[in-house]
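Here is the structure we will look at.
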Amino acid sequence: MFKNLFILVVFLFQAILLTTSLSCTTTENLDNPTNTTLEQSNEARESELNKLKQKLTDQQAELTSKSIMVSELEETRKDLSKQLSEKTDRLDGLETKLTKSQAKLIETENKLNQVEYPIAIMSSDGEIVTFASAPQRIIAFDSSAVEILFDIGESNKVIATHSFATHPSTVSNLPKVGDAFNLDLEAIVALEPDLVFVFYESNVQPLRKLGLKVLYIKTLDHNFEKTTELMRMWGRITNNMEGASTSINDFNTKIDIISKKVDSSTKGPRIFQDIGGLWTPGANTLVHEVFELLKADNIAKEIDGYAQISPEIIVEKNPQIIITPNPEVFLENKAYENVSAVKNNKIYSLQSDSLSVPGPRFPDGIIEIAKYMYPNKFEDIKNP
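Under my numbering, the letters of the sequence shown match residues 102 to 485, in that order.
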């Protein structure tokens with residue numbers, strides 16, 4: 102029992118010592134400034150950590166927002182891709198249709214280029230002329246017909262013409278069977294033609310009475326469209342639509358170039374064309390149509406067809422440009438001294454007869470006149 106009491110006393114004593122030691126340690130810690138600094142440092146770190154956590158949270162929110170935007174852009178991309186695919190399919194379909202249309206167009210052109218005889222052509226007098234096959238011996242009593250036949254590649258079928266036909270130069274080698282209005286019937290019959298083409302009505306009946314096949318077309322009254330119709334007509338007659346198509350395309354290309362240079366805003370000069378003896382083209386003539394194309398004011402526009410005009414009217418109308426083969430008629434006559442074209446030296450002579458022949462060279466004649474009217478607009482085009 103005494104032993105147990107002793108152990109208890111020892112234990113209590115140790116407990117008292119431990120309590121005292123802890124109390125001292127606590128007091129010591131509270132009084133130590135280093136410990137206070139550590140606590141403040143911990144608080145700063147905690148604050149910094151919280152800031153980092155907030156920044157991370159903000160970045161996560163921003164990332165989430167951008168992720169949503171990416172998703173939306175992806176949806177937009179898919180929609181655009183779908184639309185592109187649909188439009189591509191539609192384009193493929195249109196290309197297929199275009200290819201088929203082009204094939205049909207080529208087929209149609211090929212058919213148009215094929216002549217199936219017999220063919221029938223109506224003369225300007227209403228007579229129907231039938232061709233069982235392409236004529237091989239043509240007397241072309243018309244400069245227009247001669248030039249077209251040479252241009253489309255059928256010169257070998259032209260066996261004669263009239264004395265006024267001068268173009269192309271090889272025409273000089275052909276026999277001449279009269280002038281433009283008078284026929285050498287004996288010479289014509291001797292050549293045994295299978296077609297005689299004339300542009301003047303009075304020549305028709307004498308030839309038909311001789312049993313000759315005659316085609317009469319009044320070429321002088323033709324406009325641009327009818328000029329290309331003449332080319333197409335000769336292509337059909339000679340079974341050479343390919344050559345005719347080439348001539349037509351060349352003709353239309355030149356007319357298009359002229360039209361683009363002289364647009365609707367252009368105001369052309371007053372013009373007078375003297376073809377000789379003060380004869381001039383009025384309305385419903387090929388030359389008047391040229392003046393309209395060039396936006397020029399034809400002082401003879403109130404005249405129908407070709408007519409002779411008086412000097413007094415020329416002075417009254419006061420043309421700014423005069424086209425004539427005889428400039429001295431105007432330059433040496435005091436009656437014209439106050440006419441604008443005379444005062445300003447705007448009197449010109451055409452260098453060729455292109456405008457008098459409705460054929461492949463006709464656009465060249467238009468360009469020549471256009472250069473007189475608008476030298477700046479047409480300076481890039483060489484003289485024909």
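Glycine included, each C-beta is placed from N, C-alpha and C at the ideal position.
Only a predicted model underlies this, so the values are computations on that prediction, with no experimental measurement involved.
- In this structure G254 is in contact with G344, their Cβ atoms being roughly 4 Å apart against a cut-off of 8 Å.
- Around the beta-carbon of V171, fewer than 16 other beta-carbon atoms lie within 10 Å, marking it exposed.
- DSSP places I358 in the helix class (H, G or I) of the three-state scheme.
- For I240, the enclosing beta strand (DSSP E) begins and ends at I239 to F242.
- The closest CA to that of G369, considering only L275, A397 and T386, is found on A397.
- Taking the Cβ atoms as the reference, I448 lies roughly 7 Å from L432, within the contact range of under 8 Å.
- Contiguous beta strand (DSSP E) elements confined to the stretch 358–414 occur at 371–374, 380–382 and 407–409, taking only those with 3 or more residues.
- In the DSSP assignment, A442 falls outside any beta strand (DSSP E) and within the unbroken alpha helix (DSSP H) covering S441 to K444.
- Rounded to the nearest whole angstrom, the CA to CA distance from I260 to P269 is 14 Å.
- In the DSSP annotation of this structure, Y473 is not part of any beta strand (DSSP E); the continuous alpha helix (DSSP H) holding it starts and ends at F463 to M474.
- Counting other Cβ atoms within 10 Å of its Cβ, S348 reaches 16 or more and is therefore classed as buried.
- Contact annotation, A442 with P476: C-beta distance approximately 15 Å; criterion of less than 8 Å not satisfied.
- DSSP, read as helix, strand or coil, puts F298 in strand.
- Under the three-state reduction of DSSP output, K447 falls in the coil class, being neither helix nor strand.
- Residue burial annotation: Y437 is buried, with at least 16 other C-beta atoms found within 10 angstroms of its C-beta.
- Residue environment: K444 is assigned as exposed (fewer than 16 neighbouring CB atoms within 10 Å of its CB, all protein chains considered).
- For the set L275, G378 and H263, the Cα lying nearest the Cα of N257 is the one of L275.
- Counted as a single uninterrupted DSSP element, the alpha helix (DSSP H) harbouring F431 occupies residues E429 to L432.
- Two segments are said to touch when three or more pairs of C-beta atoms, one from each, lie closer than 8 Å; by this definition the stretch 313–322 touches the stretch 226–236.
- Residue pairing by DSSP places A221 opposite T231 in a beta bridge.
- In the pairwise beta carbon analysis, the stretch 452–472 is classified as touching the stretch 385–392: at least three pairs are separated by under 8 Å.
- The count of Cβ pairs closer than 8 Å, one atom from the stretch 359–374 and one from the stretch 288–305, stays below three, leaving the stretches out of contact.
- The residue from E417, E302, P426 and L451 with its alpha-carbon nearest to that of N439 is E417.
- Here L195 is not bridged, per DSSP, to any residue.
- Within the model, the alpha-carbon separation for I404 versus T381 is close to 9 Å.
- In terms of Cα proximity to I415, the closest of D375, V272, Q155 and T329 is D375.
- Across the set N350, L331, I358 and R337, the C-alpha of L331 shows the shortest separation from the C-alpha of I249.
- Across the structure, I239 and N385 are spaced so that their CA atoms are roughly 30 Å apart.
- DSSP, reduced to helix, strand and coil, places L250 within a helical segment of the structure shown.
- In this model, Q184 and K198 are separated by some 21 Å (Cα to Cα).
- In the three-state reduction of the DSSP assignment, A261 falls in the strand class, which pools E and B.
- In summary, T177 is exposed, with fewer than 16 beta-carbon neighbours lying within 10 Å of its beta-carbon over all protein chains present.
- When rounded, the separation of the alpha-carbon atoms in K483 and D357 is 16 Å.
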